[in-house]
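So for the sequence shown, full-length UniProt numbering puts the first residue at 1; every next one is plus one.
Read the structure below first, then the notes.
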Amino acid sequence: MTSDRILVVGGYGAVGATVVSTLDGWFPGRVVVAGRDEGRARRLGGVRADAADPEGFRRTLEGLGDVVAVVLCVEPPDTRVARVCLERGVHLVDIGATRRLLDGVADLHDLAAGAGATAVLSVGVAPGLTNLLARRAHEAVGGAERIDLTVLLGAGERHGADAVRWTVEGLAGPPAGAPLRTTLPGHGRRTAHPFPFSDQHTLPRTLGVGQVTTRLCLDSKPLTSALFGLRAAARRPAVRRALTAAFGRVHLGGDGFAVRADARRGDLHAAWAVTGRVQSRVTALVAAYVTRELLTGSAPAGVHHIEQLPALAGLPEALGAHGLTVWDRHAAVLGT
Ligand SMILES: NC(=O)c1ccc[n+]([C@@H]2O[C@H](COP(=O)([O-])OP(=O)(O)OC[C@H]3O[C@@H](n4cnc5c(N)ncnc54)[C@H](OP(=O)(O)O)[C@@H]3O)[C@@H](O)[C@H]2O)c1
Numbered sequence: 001m002t003s004d005r006i007l008v009v010g011g012y013g014a015v016g017a018t019v020v021s022t023l024d025g026w027f028p029g030r031v032v033v034a035g036r037d038e039g040r041a042r043r044l045g046g047v048r049a050d051a052a053d054p055e056g057f058r059r060t061l062e063g064l065g066d067v068v069a070v071v072l073c074v075e076p077p078d079t080r081v082a083r084v085c086l087e088r089g090v091h092l093v094d095i096g097a098t099r100r101l102l103d104g105v106a107d108l109h110d111l112a113a114g115a116g117a118t119a120v121l122s123v124g125v126a127p128g129l130t131n132l133l134a135r136r137a138h139e140a141v142g143g144a145e146r147i148d149l150t151v152l153l154g155a156g157e158r159h160g161a162d163a164v165r166w167t168v169e170g171l172a173g174p175p176a177g178a179p180l181r182t183t184l185p186g187h188g189r190r191t192a193h194p195f196p197f198s199d200q201h202t203l204p205r206t207l208g209v210g211q212v213t214t215r216l217c218l219d220s221k222p223l224t225s226a227l228f229g230l231r232a233a234a235r236r237p238a239v240r241r242a243l244t245a246a247f248g249r250v251h252l253g254g255d256g257f258a259v260r261a262d263a264r265r266g267d268l269h270a271a272w273a274v275t276g277r278v279q280s281r282v283t284a285l286v287a288a289y290v291t292r293e294l295l296t297g298s299a300p301a302g303v304h305h306i307e308q309l310p311a312l313a314g315l316p317e318a319l320g321a322h323g324l325t326v327w328d329r330h331a332a333v334l335g336t
């Protein structure tokens, strides 16, 4: 009989499947797969769970009885499932990337602290590794006045349906700021376009930095131009639906990704970057490492973004074992 189980919601999705296999290697027999497709979940030894149905989710947790941590590998429509977990004292790892939801879960800090539960937000590549690199660069200049984050995604990767939908929705938001030319290791000099990654709202609060900008480009230059050329049109739902369908089918380019953080204070400038392959796999690895830290480390109760937990500061290097490369400000390739 197993106990202290870990429920992975979205556990057969692009991110969730790797979260499940990684955690299962560390905690054999303790991982339970969940999703809305009961047959699929059961074939994997799991249960049906719907992150959009908090009462049903509460019953699922009660039925399992011994869940100590929930890994949310899908974005629920609101924060009610997070509340259900935290008020029961169940730890939460949330790979969500939408500001409204992250802010809503952060508001549950006192509830979580009172119940002895820890939630970690900004888990993944962006947000996630972006936050960790931003913190390093911030500290390297002795407290940044400004941080610029750039993310390059591989257009050839088979991104999960939920992640594609999220990215296309992000296109429709008002562009904040101007495109930026920057160097990404292994990808050369690129133009990245303003994109509403949640860090631009999180980091001013967690690091106390006045200005944080976030930008995106794809490994394919023509696709980057085409995507951001469609920005105005993407405000129309029909165009977003067509784009989501196209990105689900067309895989032009590779599966490499890169993340870069630049911090500036006066004349001081620090830059850090990471490069790797298959961002959904690395997002999953970040989520698995964070979950392991919650279960075996001493993270304080309450709701925290990843960069607020010192025990996770070395995660980029730890992921070197999975092919991630960390580039620091001394690497000539980062330039200015
Ligand atoms: N932080 C980061 O860097 C980062 C990176 C990549 C992705 N993400 C986020 O991760 C999430 C998942 O991405 P993905 O690429 O893995 O997508 P995906 O392949 O579409 O997987 C989503 C999974 O969630 C399940 N699901 C969907 N709605 C659900 C619900 N209401 N309740 C329970 N399960 C539900 C799906 O199965 P059923 O439809 O059968 O339920 C599927 O298994 C997205 O929200 C994305 O924005 C974050």
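Ideal Cβ positions, reconstructed from N, Cα and C, are used throughout, including at glycine.
This one's a predicted model, so the numbers in the text were calculated from it and none came from an experiment.
Where Gln211 is concerned, the enclosing beta strand (DSSP E) starts and stops at 211 to 218. Taking every protein chain shown into account, the CB of Ser3 has fewer than 16 other CB atoms within 10 angstroms, so this residue is exposed.
For Val274, the closest alpha carbon among the candidates Thr18, Arg30, Gly56, His187 is that of His187. For Tyr12, the distance from the CB to the nearest heavy atom of ligand 1 is below 7 Å.
Beta-bridge pairing by DSSP links His305 to Leu121. Under the DSSP assignment, Phe247 falls in the alpha helix (DSSP H) whose first and last residues are 237 to 249. In the three-state scheme derived from DSSP, where H, G and I count as helix and E and B as strand, Phe257 is classed as strand.
Sorting Val123, Gly124, His109 by C-alpha distance to the C-alpha of Ala117 places His109 at the top. For Ile95, DSSP records no beta bridge to any residue. Cβ-Cβ distances below 6 Å link Gly210 to Glu145 in the same chain, with the five nearest sequence neighbours on each side left out; the list follows chain order. For the pair Arg40 and Asp50, the CB atoms are not nearer than the 8 Å cut-off.
The beta carbon of Asn131 sits closer than 8 Å to those of Ser122, Asp199, Thr202, Leu203, Thr206, His305, Ile306, Glu307, all from its chain and outside the five residues before and after it, given in chain order. Nearest Cα to Gly29 within the set Arg42, Ile6, Gly16: Ile6.
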